[in-house]
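Structure record follows, encoded as structure tokens.
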Amino acid sequence: MTLRIGWHGNLLMNLNAITDYWPELNQPHLRYDDIQPVIQALSQQKGICAEVVDRSYLGVPIHKLTLGSGPVKIFAWTQMHGDEPTATAAVFDLISHLVDDNASLPFDAFAQQFSLHVVPMLNPDGAEANTRFNAQGIDINRDAVAMQSPEGRLLRRLVDELQPDIAFNLHDQNPYYSAGDSSTPATIAFLAPAYDVSKSINPSRARAMQLIAVMRHAVEQHIPSHVARYNDDYSYRSFGDKISSLGASTILIESGAYRSDPNRQRAREMNVVALLSAIEALADDSWKSVDCDDYFAIPENIEDGLCSLLITNAQLRQGEQHAAYLADISIVGSGTSATIKHIGDLSNCAGFEQIDAGALALSTGNPYHLNAPFELEANHYKSLLRDGVTHFVGDATLLQNRSGLPVLVVQHPLTHILPEQVSCLLCSSRKGPTRPMLAIIGNNVISLAD
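Shown next as structure tokens:
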């Protein structure tokens with residue numbers, strides 16, 4: 001397949017032009033109060049119509065922004081899961097670029113061919129609580145049939161009213177998906193959702209696949225090998241599958257992790273690149289020359305292909321009465337809330353950080369019982385770690401941590417290294433009773449070298 005970068009080629013050479021519009025949206029999470037000023041500013045710009053189309057369960061406004069009045073109708077929505085904000089920033093970047101005087105496609109030409117409708121935060125209640133669900137505790141993306149949530153009913157109403165040709169369902173995925181069997185995080189994952197159990201391919205779903213192949217090519221100009229294809233098992237309660245069954249070419253984009261990018265700004269940029277490349281392909285009909293096989297050639301999105309920290313070749317012992325053995329350990333999460341995910345042969349997994357523990361023996365270390373107020377300074381803490389103390393047991397309010405290092409406080413002593421247990425590991429030489437070399441608290445690695 002040969003694809004070209006057309007009218008937005010200059011933009012793709014300078015990605016800073018994309019996210020410079022709203023630098024204040026470079027945050028780990030976005031709530032309604034973060035985007036309301038952006039919506040207000042955009043509503044003052046020529047060519048953008050902003051309106052409140054409904055309210056959330058708790059009464060927060062839900063906005064729709066519209067650009068253009070052309071015959072090709074595109075509908076996109078973000079943050080139906082409140083804790084998935086990456087594409088919310090991206091759609092504001094997209095809108096700002098489209099109306100920019102220096103846009104890669106003149107706005108008048110865009111507006112004559114396309115009608116773009118964007119709901120930038122479908123679930124403001126979930127965004128406020130930084131949770132997947134709405135204020136009723138409902139996963140809106142599993143409410144396509146019962147429609148028990150006001151947000152789900154709004155989404156269906158807008159689909160019925162707009163009758164979109166193309167529908168973009170924009171999400172975030174957890175950071176531990178890999179692009180195929182690789183150590184590369186899936187920064188962008190695409191899906192053309194099935195509309196029946198047989199995963200049939202009709203013309204509208206085929207168009208979604210062809211557009212995804214175009215988007216994959218554009219994204220991989222910037223982040224090669226970071227694009228994956230999401231599992232297409234049919235989910236009749238999900239909105240993507242339901243909207244696909246209504247005849248729209250539906251495209252799911254999942255924003256994932258990129259190394260050394262905690263706020264997912266790389267995925268934010270790549271969302272805009274992908275969306276612009278799809279618009280280009282629709283504008284000049286170049287998507288028609290793409291084969292659906294190019295969609296299926298995209299590597300699968302592999303769950304648990306990555307972890308926060310991978311420890312390989314570690315020697316473990318579950319109690320002194322049992323023999324030692326070798327295993328790998330994966331840790332997921334951040335800070336002191338990170339937990340052990342898997343123990344065993346993890347040769348098919350990669351870590352954002354990795355430790356080869358070939359010369360080390362691991363244990364949970366010993367507890368320090370908090371019976372009175374205790375001020376912990378850095379030198380004292382490292383001394384405790386070298387003596388084998390890795391965690392504190394008791395009332396966390398008794399501990400004043402002045403060390404600048406992560407400290408784990410639990411209710412009961414840790415005695416075994418097990419999956420789903422908080423990560424607390426002491427790493428010592430296998431060769432004898434030497435002092436510990438590393439302590440791992442959560443996903444934090446603390447060197448104990450003098």
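For the sequence shown, this note's numbering gives the first residue as 1, with consecutive numbering after it.
Idealized CB from N, CA, C, for every residue including glycine.
Just so it is clear, the structure is predicted and the values come from calculations on it, not from any experiment.
Contact between the segment 100 to 117 and the segment 69 to 82 is established, with three or more Cβ pairs separated by less than 8 Å. Counting C-beta pairs closer than 8 Å gives three or more between the segment 324 to 343 and the segment 294 to 311, which meets the contact rule. In this structure, DSSP gives Leu418 a state outside helix and strand, which the three-state scheme calls coil. Taken in chain order, the complete alpha helix (DSSP H) segments of 4 residues or longer contained in the segment 100 to 187 are 107 to 113, 124 to 129 and 150 to 162. One Cα belongs to Leu154, the other to Ala146, and the distance between them is close to 13 Å. Take Ala338, set aside five residues on each side of it, and the residues of its chain with a beta-carbon closer than 7 Å to its own are Ser308, Ile331, Val332, Ser423, Gly442 and Asn443, in chain order. Counting the other CB atoms within 10 Å of its CB gives Glu84 a total of 16 or more, which places it among the buried residues.
If you draw a straight line from the Cα of Leu105 to the Cα of Val273, it comes to about 14 Å. If you check the CB distance, His81 and Gly126 come in under 9 Å.
Comparing alpha-carbon positions, the option among Ser245, Pro28 and Cys349 lying closest to Val197 turns out to be Ser245. In this chain, the beta strand (DSSP E) harbouring Arg229 covers Val227 to Arg229. For Pro203, the uninterrupted alpha helix (DSSP H) run begins and ends at Pro203 to Val219, by DSSP. Non-local beta-carbon contacts of Leu408 in its own chain, meaning distances under 6 Å to residues more than five positions away in sequence, involve Thr336, His391, Cys424 and Ile441 in chain order. Taking Ile35 as the centre and dropping the five residues before and after it, the same chain places the C-beta of Thr88, Pro120 and Met121 closer than 7 Å to its C-beta, in chain order. For Ile188, same chain residues with a beta-carbon under 6 Å away, outside a window of 5 residues either side, are Val219, Val227 and Met270 in chain order.
At the C-beta level, Asn371 and Gly394 come within 9 Å of one another. Between Tyr295 and Arg229, the C-beta spacing is below 9 Å.
For Asp293, the secondary structure class from DSSP, reduced to helix, strand or coil, is helix.
In this structure, Asn231 keeps its C-beta atom at 9 Å or more from the C-beta atom of Leu170. Within 10 angstroms of the beta-carbon of Gly351 lie 16 or more other beta-carbons, which makes it buried. In the DSSP assignment, Pro28 falls outside any beta strand (DSSP E), carrying neither H nor E.
CA-CA distance, Ile302 to Cys349, rounds to 10 Å. In the structure shown, the three-state DSSP call for Pro413 is coil. Under the DSSP definition of a beta bridge, Gln45 lacks any partner. At a Cβ-Cβ threshold of 9 Å, Thr86 and Ser255 count as neighbours. Cys307 has Gly351 as its beta-bridge partners, per DSSP. By the C-beta density criterion, Pro224 is exposed, having fewer than 16 other C-beta atoms within 10 angstroms.
Between Ala194 and Ala186 a beta carbon distance of about 20 Å is seen, past the 8 Å cut, so the two are scored as non-contacting. Taking 8 Å as the upper bound for CB-CB distance, Phe107 and Leu98 are in contact here, some 6 Å apart. The distance from the Cβ of Ala90 to that of Ile166 is about 16 Å, inconsistent with a contact at the 8 Å cut-off.
When Gly240, Ser363, Thr78 and Thr250 are compared, the shortest CA-CA separation from Glu320 is found for Ser363.
Around Gln354, the same chain offers Leu309, Leu310, Ile311 and Thr312 as residues with beta carbons nearer than 8 Å, after the five sequence neighbours per side are excluded. The shortest CA-to-CA distance from Ala357 to any of Ala396, Pro436 and Phe374 is the one to Pro436.
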